[in-house]
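**Q**
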Amino acid sequence: VPPPSLVSKAHFSRTNRHLPQAIIVGVRKCGTRALLEMLFLHPQIQKAAGEVHFFDRDDNYEKGLEWYRKKMPYSLKGQITIEKSPSYFVTPEVPERIRAMNASIKLLLIVREPVTRAISDYTQLRTRVSTTSTSSAVTTSSTSSLSSLARPPGGGGILTPTFAEEESQRGAASSRTFEELVLRPDGSINESYRPITISLYHNYMHRWLEVFSREQILVVNGDQLIEDPLPQLKRIEMFLGLEPRIGRHNFYFNHTKGFYCLRNDTADKCLRESKGRKHPRVNPLVVSKLRRFFNEHNQRFYELVGEDLGWPE
Ligand code: A3P
19 VPPPSLVSKA HFSRTNRHLP QAIIVGVRKC GTRALLEMLF LHPQIQKAAG EVHFFDRDDN
79 YEKGLEWYRK KMPYSLKGQI TIEKSPSYFV TPEVPERIRA MNASIKLLLI VREPVTRAIS
139 DYTQLRTRVS TTSTSSAVTT SSTSSLSSLA RPPGGGGILT PTFAEEESQR GAASSRTFEE
199 LVLRPDGSIN ESYRPITISL YHNYMHRWLE VFSREQILVV NGDQLIEDPL PQLKRIEMFL
259 GLEPRIGRHN FYFNHTKGFY CLRNDTADKC LRESKGRKHP RVNPLVVSKL RRFFNEHNQR
319 FYELVGEDLG WPE
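The numbering of the sequence shown is our numbering, which starts it at 19 and goes up by one.
This is the structure we're talking about:
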């Protein structure tokens, strides 16, 4: 039996798995992976590997909170555990379920201009490989930097398991253009096409605001996160009550990729190829038509969140 002094030391230095104190709840294709990886640059943040899908999938939810906790990374006292599962945002049961776990949790919602998000969603549905992959969510400049970036404990990101819904939509998307899928034969907008439905943010947002106070939810601007990540990350550090530790030194613009990549003391890393895909060219008349269609919906979203995101009309 170790002496009592060693026992207490072991207790205080030990890491443990904790339920998340913050969750990135969506929106899919708005930069949820980039946001999680960028936040992980902060020494006080630990991230769950992959997407846990605890609150949105009944078979997972039924396994209980202990199952969920075991999906979390080890963390030290004072560190914040974060997970991201983008489909939480659009799944009706999720807000109540999260509240039942922790009524004072902090929620991050990253959004993009809805037409761009819809095109990104279409691009993913069209191109995504059908097998569930366990490849890393990031690419690093060398094998050694891969290990040095895997800040223990925490682990690397793992691809989301493919949704059954996505499978069926992909079939429809593979051979048809975006324009064919978003417009009905009479020229009206096909609101039941999933990439359009999900971009109607206010239809989901009101449920979150019925369950959580506005102060508990931070709306992150995904278009600005692409343009210049730092101001968004500074807002998040404040929101999470963290000391400002993420800085300019953590980013460099990769001209080949066309996106910012991440840097810490030991390595550089870019998100992998499926993040930052080339989008197909969409007829500008269809883009304009969609922007007009979304305008009214965007205004409703702005009213709900009390912020104008300035999306083009
Ligand atoms: P595209 O691939 O359509 O450009 P999510 O992780 O929620 O699926 O979001 C994917 C999107 O994250 C990408 O959509 C890309 O635009 C965006 N993104 C934001 N910052 C990025 C970064 N630094 N590197 C790569 N993609 C980034």
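Here a beta-carbon is modelled for each residue, glycine too, at the ideal position from N, C-alpha and C.
Alpha carbon to alpha carbon, how far is Phe230 from Arg194?
**A** 40 Å
**Q** Under the rule that 16 or more other beta-carbon atoms within 10 Å means buried, what is Arg51, buried or exposed?
**A** Counting Cβ neighbours within 10 Å, Arg51 comes out buried, since at least 16 surround it.
**Q** Determine the extent of the beta strand (DSSP E) in which Asn268 is found, giving its start and end residues.
**A** Note, Asn268: premise wrong, no beta strand (DSSP E); not H, not E.
**Q** Rounded to whole angstroms, what's the CA-CA distance from Gly294 to Arg35? Just pull it up for me.
**A** 32 Å
**Q** Between Ile100 and Leu54, how many whole angstroms is the CB-CB distance? I'm expecting something under 8 Å.
**A** The beta carbons of Ile100 and Leu54 sit about 7 Å from each other, so the pair counts as a contact at 8 Å.
**Q** Return the residue from the list Val304, Asp74 and Leu258 that minimises the CA-CA distance to Glu198.
**A** Val304
**Q** So for Ser163, helix, strand or coil by DSSP?
**A** Its pLDDT being 30, under 50, Ser163 is placed unreliably in this model, and the coordinates cannot settle the point.
**Q** Between which two residues does the alpha helix (DSSP H) holding Glu55 run?
**A** Thr50 to Leu57
**Q** Would you kindly check if the distance between the Cβ of Gly96 and the Cβ of Gln62 is under 8 Å?
**A** yes
**Q** May I ask you to check if the CB of Tyr86 is nearer than 7 Å to at least one heavy atom of the ligand A3P?
**A** The answer is no for Tyr86.
**Q** Tell me whether Lys70 sits in a helix, a strand or coil according to DSSP, three-state version.
**A** With the sequence shown as reference, residue 70 is identified as Val, and Lys is not the correct amino acid for it. Coil.
**Q** Please list, in chain order, all residues of the same chain as Arg281 whose beta carbon is under 8 Å from its beta carbon, the five residues on each side excluded.
**A** His267, Asn268, Phe269, Tyr270 and Lys287
**Q** Around the Cβ of His224, are there at least 16 other Cβ atoms within 10 angstroms (buried) or fewer (exposed)?
**A** Exposed is the call here.
**Q** What are the start and end residues of the alpha helix (DSSP H) that includes Gly240?
**A** Gly240 to Glu245
**Q** Taking Phe72 as the reference, which of Tyr86, His60 and Val43 has the closest Cα?
**A** Tyr86
**Q** Alpha carbon to alpha carbon, what distance is there between Gly276 and Asp241?
**A** 13 Å
**Q** Would DSSP call Phe277 helix, strand or coil?
**A** strand
**Q** Does the beta-carbon of Asp74 have 16 or more other beta-carbons within 10 angstroms, so that it is buried, or is it exposed?
**A** buried
**Q** Can you find the residues in the same chain that come closer than 8 Å, C-beta to C-beta, to Asn301, ignoring five residues on each side of it along the sequence?
**A** Once the five neighbours on either side are set aside, the close Cβ partners of Asn301 are Glu197.
**Q** Nearest by alpha-carbon distance to Leu59: which of Phe319, Leu260 and Glu314 is it?
**A** Leu260
**Q** Going straight from the alpha carbon of His297 to that of Thr33, what length do you get?
**A** 42 Å
**Q** Alpha carbon to alpha carbon, how far is Leu201 from Asp283? Give it in angstroms, no decimals.
**A** Distance between Asp283 and Leu201, taken at the CA atoms: about 49 Å.
**Q** Who sits around the ligand A3P, taking every residue whose Cβ is closer than 5 Å to one of its heavy atoms?
**A** Lys47, Gly49, Thr50, Arg51, Ala52, Ser138, Ile244, Phe277, Tyr278, Leu289, Lys293, Gly294 and Arg295
**Q** Would you decide whether Ser373 is buried or exposed? Buried here means 16 or more other CB atoms lie within 10 Å of its CB.
**A** Beyond the ends of the chain as shown, which are 19 and 331, falls residue 373; an answer cannot be given.
**Q** Write down the C-beta distance between Lys124 and Gln39 rounded to the nearest angstrom, noting that I regard them as a contact closer than 8 Å.
**A** 7 Å
**Q** Within 10 angstroms of the Cβ of Gly328, are there 16 or more other Cβ atoms? Answer buried if so, exposed if not.
**A** exposed
**Q** Use the C-beta contact count for Thr149: other C-beta atoms within 10 angstroms, 16 or more gives buried, fewer gives exposed.
**A** Because the pLDDT at Thr149 is just 35, under 50, the model does not fix this residue reliably, and the value given afterwards should be weighed accordingly. Label assigned to Thr149: exposed.
**Q** Would you kindly check if the distance between the Cβ of Val70 and the Cβ of Ile216 is under 8 Å?
**A** In this structure, Val70 does not lie closer than 8 Å to Ile216 by Cβ.
**Q** Quick check: what's the CA-CA separation for Pro247 versus Tyr278?
**A** Each residue's alpha carbon lies about 8 Å from the other.
**Q** Whose CA, out of Pro110, Arg310 and Pro213, lies closest to the CA of Arg135?
**A** Pro213
**Q** To which residues of the same chain is Lys252 closer than 7 Å at the C-beta, ignoring the five residues directly before and after it?
**A** In the same chain as Lys252, and ignoring 5 residues on each side of it, the C-beta atoms closer than 7 Å to its own belong to Pro262, in chain order.
**Q** Name the DSSP beta bridge partners of Glu101, please?
**A** Ile41
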